[in-house]
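Protein sequence lines, in the order shown, are assigned to chains D and C.
Its first residue numbered 0, the first sequence is counted upward by one per residue in numbering that gives the first Met the number 0.
Its first residue numbered 0, the second sequence is counted upward by one per residue in numbering that gives the first Met the number 0.
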Amino acid sequence: MNEHTESNTDFERRLDRLAQADRGELDAGFEDRVWHAMQQPAAERIPGRRRKSTAWIPFVTAACVGIMGYIVWMPMINVDTSTRTDDVAAVETENDSMEILLSSFDTMDLLIAGVDEMDENLSVIELQMDATEVENDAIWQDYGGAL
Amino acid sequence: MNEDITGRGIDAQRRADEPGAAGDLADLVAEAAAGDGQAWSELIERYARRVYALAKSRLRDPDQAEEVSQAVFASVFQHVSTGRYTERGQFEPWLFRIAMNRIRDHVRRSSRGPRMVGEFAAPVASAPASPLHAEDVNELRRAIESLSDADQEIIGLRHQAGMEFKAIAEVLNEPVGTLLARHHRALHKLRDLLGAKKSAGVSHE
């Protein structure tokens, strides 16, 4: 154990001597250079210092292009290409946002018209259900009377 | 800067290690913060060479080590003179924390570019103090370089920077016991590395 500790102490001495050698290798003007360097303005002092990062530029550009693409092309997704081929063809050829807007109005009209039809169908179904309910009530009343 | 303060870094460190030096240091920092040039000279005299030795032990390049030393003191000057540093008896750990961060930045930056490492790196010539011979110095340097980063840091802070374990604990933000154990292990590894090299040399002969 003693030998071990002694060896460590010996090693520490070697490392200290190495440190002294490193400190001693500097010339006498070292402190002057440090003094002058620390009094200079930051921009002059460190030529390779960090500048503001510009890495965000491609990402922001890509995001802007994505948003533009979304705004321009998104209305086309809602157009029913199977039934409105003429409108879609016009949109594709002219590639004009106003045309897209108008065609989307047409599509909305179709959808609204479809909703009216659906309302009528629903009313018919409701009437049928009411009729069935009335029939059921009559059956139950008959059963009640029989009991 | 005055001529009389140059070339006295090691003496300054010895004075800094004397009892009562902490109070002196606090006064010195306060004077420096007030714009006293002589106080700054004294601080540079005490710490600049220690920062340089620490930087050189990690960067292995005297020019880069000097550049880091200047950058560290510039940062310290900026903080102290603008009142962004408040003296609470932590000047030395604070200064060496700045130094460690700068050194780590340099190591990271230089590791991105091409460089020679390990056995192929050219030994840096230095003027070793007697009785440490140039061959021993280079051998010791290579052994230190082969240690892990954490081990190199503790060896550098303890010996190159000449810090107390308590101050090192504040720099690295780790308990003193952990650092003592790591230092002991690092010394053991160094001894094994150098012993293995020596025995290999003997067997070759």
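Ideal placement from N, C-alpha and C gives every residue a C-beta, glycine not left out.
Source: prediction; values computed, not measured.
query	result
With a threshold of 8 Å between beta carbons, is C/A126 in contact with chain D?	Here the model assigns C/A126 a pLDDT of 47, short of 50, so the residue's position is not dependable, and the following value carries that caveat. Taking Cβ atoms only, chain D reaches closer than 8 Å to C/A126, which makes this a yes.
State yes or no: is the beta carbon of D/A18 nearer than 8 Å to at least one beta carbon in chain C?	yes
Could you give the C-beta distance for C/V175 and C/F95, rounded to a whole number, given that I count them as a contact under 8 Å?	Their Cβ separation, rounded to whole angstroms, is 15 Å, which puts C/V175 and C/F95 out of contact at 8 Å.
If you draw a straight line from the C-alpha of D/V33 to the C-alpha of C/R49, how long is it?	13 Å
At least one CB of chain D closer than 8 Å to the CB of C/I218: is that the case?	Here chain C comprises residues numbered 0 to 204, so residue 218 of chain C is not present and cannot be evaluated.
If you scan the stretch 44-93 of chain C from start to end, which runs of the alpha helix (DSSP H) of 4 or more residues do you find wholly inside it?	61-80
I need the straight-line Cα distance from D/M110 to D/V64, nearest angstrom please.	One detail in the question is off: residue 110 of chain D reads as Leu in this sequence, not Met. Between D/L110 and D/V64, the C-alpha separation is close to 31 Å.
From which residue to which residue does the alpha helix (DSSP H) around D/E119 run?	S96 to A145
Evaluate D/W72 with the Cβ neighbour count: other Cβ atoms within 10 Å of its Cβ, from every protein chain shown; 16 or more gives buried, anything less gives exposed.	exposed
Use the C-beta contact count for C/K165: other C-beta atoms within 10 angstroms, 16 or more gives buried, fewer gives exposed.	exposed
When burial is assigned at 16 or more other CB atoms within 10 Å of the CB, is C/K180 buried or exposed?	A small fix is needed here, since residue 180 of chain C is Ala in this sequence, not Lys. The residue in question, C/A180, is exposed, as its Cβ has fewer than 16 Cβ neighbours within 10 Å.
According to DSSP, simplified to helix, strand and coil, what is D/A27?	coil
Using beta carbons (cut-off 8 Å, strictly below), is C/S109 in contact with chain D?	no
Is it buried or exposed for C/Q159, if we count other Cβ within 10 angstroms and need 16 for buried?	buried
Can you check whether the C-beta of C/F90 is within less than 8 Å of a C-beta belonging to chain D?	no
Enumerate in chain order the residues of its own chain whose CB-to-CB distance from D/P57 is below 8 Å, with the five nearest sequence positions on each side excluded.	none
Find the residues of chain C that neighbour D/D15, judging by a C-beta separation of less than 7 Å, and give them in chain order.	H158
To the nearest angstrom, how far is the alpha carbon of C/W39 from that of C/S80?	10 Å
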